[in-house]
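At position 320 of the sequence shown (counting the first as 1) the number is 458 in the numbering used here, and the numbers step up by one without a gap.
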Amino acid sequence: MKKEKIQAPKGVSEYVPPASREFEWVREKLITPARMAGYSLMELPTFEDTQLFTRGVGESTDVVSKEMYTFEDRGGRSITLRPEGTAGVMRAVIEHNLDRGQLPVKVWYSGAFFRAERPQAGRYRQFYQVGIEAIGLDDPAIDAEVIAIADQGFKSLGLKRFRLEITSLGDSASRAAHHIELDKYISNLDLDEATSQRAKINPLRLFDDKRDEIKKLMSKAPLLMDYLSQESMTHFAEVQSHLKALKISFAINPYMVRGLDYYTGTTFEFIHEDLGAQSGIGGGGRYDGLMEQLGGQALSGIGFGLGVDRALLAARAEEVVPVETFTSQLFIIPLGAQAKSEALVIASQLRGHGHVVEIAFGERALKGAMKAADKSGAKFVVVLGDSELSSGSVELKEMSSGDSKSVRITSLHEAL
Ligand code: HAM
């Protein structure tokens with residue numbers, strides 16, 4: 139009996155060729171500006187002690203209260219698939235004493251993250267982020283640089299229809315002052331039990347509520363922006379002036395709170411106009427109390443996470459995904475056993491020079507191999523038969539024009 143096929147779990151994003159090449163292109167583009175700014179790779183586990191997220195990300199958040207993939211491992215420990223990257227980076231920085239070395243610690247990461255959300259276009263249960271974290275510096279200039287790195291990543295994809303929103307969630311003094319007024323305001327609202335419970339843990343969460351009735355109630359709530367301490371105000375003003383010097387346009391959104399509890403001071407979001415409900419292509423901010431919350435020293439930090447899946451959707455919507463970078467330069471069609479062996483050698487040498495080269499394997503007839511070359515999208519094709527082997531020259535054929543010229547096999551590198 140034929141066995142039933144097994145399908146991927148619901149709501150995961152996965153990329154198979156040819157789409158995976160577009161994914162790879164997006165991820166590389168988003169990582170490059172971080173590398174160029176001196177950030178180093180941090181490769182971390184995809185699962186962590188559950189406490190890292192309950193303590194780090196916060197129990198009032200949807201991410202922790204509703205969306206974590208948590209399970210008991212074989213040793214009876216509570217483990218969670220990472221829903222985000224910042225808490226894990228902080229854990230590793232503390233564990234490996236990087237905070238005792240030169241500051242700021244500047245790292246980037248890229249990988250899969252997991253949130254049990256209701257799947258829809260642009261929202262997945264396993265999705266991909268590229269992120270950076272800069273730890274141990276209060277200077278507003280680094281806030282601007284972090285934002286600029288994200289901005290540069292999106293621009294390098296060719297994206298135009300996105301905007302940057304920023305706000306400041308202030309220092310602890312600002313938040314304490316605001317907290318008192320916000321609590322007063324919220325206590326006069328008629329809220330269901332679950333909502334008032336969340337408000338008790340973190341009243342800012344109500345600004346993030348997607349329900350229209352709550353949005354309406356919160357539209358008149360006191361805004362944190364109006365309670366910023368002198369220090370927070372000065373810091374935020376400096377971030378803005380650096381962004382202006384960098385010619386990065388932004389809008390201030392005083393209602394932005396972000397979905398994770400650790401944020402303080404400068405916070406930001408990149409929003410793409412073509413993506414409908416899941417329009418956030420990246421976001422981040424300061425988290426000045428997080429390291430201490432996780433048992434480390436009182437060091438500040440700032441970073442971002444960019445959604446690779448959504449950036450790809452945005453690039454497709456703006457039709458900026460290039461085709462040509464994904465295709466081979468040369469497709470070699472060997473005819474016969476000796477030619478095949480020679481093709482392996484030639485291809486290997488040309489790859490050593492940085493050319494992308496494919497070989498038609500198998501015992502396909504010439505016609506079938508030509509079809510495969512055409513399908514591969516390769517720029518050039520050569521047929522390698524007995525006469526080519528004895529003369530040492532091949533006809534280098536350009537696929538798009540059909541033009542061809544005779545080239546010495548030893549000069550193929552220059553000819554390409
Ligand atoms: P976040 O805003 O939760 O921040 O996620 C960052 C980005 O990941 C979002 O802007 C979005 O593009 C993408 N994303 C989030 N959830 C999903 C999903 N279910 N499906 C597809 N894409 C998604 C963080 O995760 C913070 N750790 C960022 C950060 C780093 N803040 C400071 N440092």
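Glycine included, C-beta positions come from ideal geometry on N, C-alpha and C.
Predicted model only: the values in this text are computed from it and were never measured.
Secondary structure of residue i, DSSP reduced to three states
i: Q416; result: coil
i: L208; result: Residue identity differs from the one stated: residue 208 is Thr in this sequence, not Leu. Three-state DSSP puts T208 in a strand.
i: P341; result: helix
i: V195; result: coil
i: F265; result: strand
i: L190; result: helix
i: Q378; result: helix
i: E166; result: helix
i: G421; result: strand
i: F518; result: strand
i: K116; result: This structure does not reach residue 116, given that the chain is present from 139 up to 554, and the question cannot be answered.
i: G249; result: strand
i: T372; result: helix
i: R220; result: coil
i: S549; result: helix
i: G530; result: coil
i: V150; result: strand
i: S158; result: helix
Close-in-space but distant-in-sequence residues of the same chain around residue i (CB under 8 Å, 5 per side omitted)
i: R173; result: W246
i: F300; result: F292, F408, I409, H410, E411, I419 and A452
i: Q476; result: D524 and L527
i: E536; result: K517, F518 and S542
Residues of its chain near residue i, where Cβ-Cβ distance is below 7 Å and the 5 sequence neighbours each way are ignored
i: Y153; result: F161
i: L437; result: D237, I273, G274 and M429
i: H317; result: P341
i: E376; result: P278
Residue i: CB within 6 Å of a non-hydrogen atom of the ligand NAD
i: Y247; result: Inclusion of the ligand NAD in the displayed structure is not the case, the ligand content consisting of the ligand HAM alone.
Under 7 Å between C-beta atoms of residue i and residue j
i: F191; j: A157; result: no
i: F388; j: L302; result: yes
i: L550; j: T402; result: no
i: R336; j: S198; result: yes
i: A481; j: L522; result: yes
i: S539; j: E533; result: no
i: S379; j: D309; result: no
i: F469; j: E501; result: no
i: T188; j: D281; result: no
i: G296; j: G223; result: no
i: N235; j: T305; result: no
i: S514; j: V494; result: no
i: A311; j: S367; result: yes
i: A449; j: V164; result: yes
i: I471; j: A503; result: no
i: E205; j: R159; result: no
i: K167; j: S325; result: no
Whole-angstrom C-beta distance between residue j and residue i, which should lie under 8 Å
i: F633; j: R220; result: Because the chain is modelled from 139 through 554, residue 633 falls outside the range shown and cannot be assessed.
i: F406; j: G427; result: Actually they do not touch by this definition, with Cβ atoms about 18 Å apart.
i: A359; j: L320; result: 6 Å
i: V284; j: G441; result: 6 Å
i: M139; j: G194; result: Not quite, the Cβ-Cβ distance comes to about 49 Å (not below 8 Å), so this is no contact.
i: I232; j: G439; result: No, I232 and G439 are not in contact; Cβ-Cβ is about 12 Å, not under 8 Å.
i: I386; j: A286; result: 6 Å
i: V150; j: R263; result: 6 Å
i: P171; j: Q290; result: 4 Å
Proximal residues to residue i (C-beta, below 6 Å), its chain only, five neighbours per side dropped
i: E457; result: none
i: R261; result: E255 and Q416
i: F345; result: M356, Y393 and V395
**Q.** Length-filtered (4 minimum) alpha helix (DSSP H) runs lying within the region 426 to 509
**A.** Entirely contained in the region 426 to 509, the alpha helix (DSSP H) runs reaching 4 residues are, in chain order, 428 to 431, 446 to 455 and 475 to 490.
Q: Just list the alpha helix (DSSP H) runs in the region 287 to 369, keeping only unbroken ones of 4 residues or longer that don't cross its boundaries, in chain order.
A: 310 to 325, 331 to 339 and 350 to 356
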